[in-house]
Structure formats: structure tokens, C-alpha cells
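With the working numbering, you'll find the sequence shown wraps up at 144, consecutive numbering, no jumps.
This report refers to the structure that appears directly beneath it.
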Amino acid sequence: MHGATKVDARWCPLDDWSLNVLAHRAKFVSARRLRPELAPQTRLAVSDKPAPDHVLQSRVCVALRNLLTWIGLPVEEEDVKPASITAWAGVQEFERTGRIEDAARLLGLRSLDSTASVIGHTWRTAAPNGQEEPGA
């Protein structure tokens, strides 16, 4: 995935199911293109209609929110949102390796504090004097 202002470029391996879904999506999108030479520039996972990045991101968020609603998750709750999917991937990586750096790398985040916040990991505890200090 390409990087942006707040995240670094990153990649993650695809399992067989994910690869199959993307292959079918590529075939579908390619079939819709009026000019086949444009197919390599088409955004497969978002929309096959050209748009600026911020519009594509909005489309993804709407689609993910619709998916979360469709599968029955309570989207009216503050902590259930499209970003929850990203957070889940970070949590899985952190639980798998035990290293916050690995979760940060997977998510493309440059800050370990930001990563901890995204995955809900509290690594600082309040000291008796009220100051924060590194915790467990």
C-alpha cells in the first residue's frame, strides 16, 4: 500500500483467499475498462472510477461502514468504525510477535506511541507523582 503524510508505505502477505478475491476483482475491473491499457493504473480495491486520493479514501470508509453494518456490528458505538479493521490487524501482529515495532511497521506508523493508541495497548502507567512512566 502506498504511503501518505501520516503513514509509511507498507505491504502485507496475502493468504490464498485474499489473493483469489483480488484476482477476481482485477478481472472484473479490467472487463469494465473501455481502454485496456489503463487497467494497470486502476485502483482495484477501491473503485474503478478515477478520483483524487481523499475521495477514494472516503469511498472505502463508506463501503467498510456499510459492510460493518451488514454483518451486524453496532456501528453506532464509538469504537466500531472502518479504522477498527486496521486496529484489529495491528493487534493481531502485536499479539503474534509481542513487539509494538512489528505492529507499527505493519500499520505504516512511525510513532510507537501512535501505534499503542491505535491497538489499545497501554504501555505507560501513572507514577505516584502523577507523571507517566513506562509500564508493562
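Note that the Cβ used here is the ideal one computed from N, Cα and C, for glycine as well.
Beta carbon of residue i nearer than 8 Å to that of residue j
| i | j | result |
| --- | --- | --- |
| R18 | G116 | yes |
| V88 | L75 | no |
| L81 | E101 | no |
| R118 | D24 | no |
| V63 | G98 | no |
Member of the options whose CA lies at the smallest distance from the CA of residue i
| i | options | result |
| --- | --- | --- |
| E86 | S26, A97, R73 and G98 | R73 |
| E146 | Q100, W96 and L120 | There is no way to answer for residue 146, as the model of the chain reaches only from 9 to 144. |
| R40 | L30, V29, L27 and K57 | K57 |
| H10 | F36, Q65 and E103 | Q65 |
Rounded C-alpha distance that separates residue i from residue j
| i | j | result |
| --- | --- | --- |
| A71 | R132 | 35 Å |
| A152 | V83 | The chain is shown only over 9 to 144; residue 152 falls outside these bounds and no answer can be derived. |
| A111 | A91 | 15 Å |
| A144 | T130 | Confidence is the limiting factor: at A144 the pLDDT is only 49, short of 50, which leaves the residue's position unreliable and the question unanswerable from this model. |
| P21 | T94 | 15 Å |
| P60 | R67 | 11 Å |
| G128 | K14 | 19 Å |
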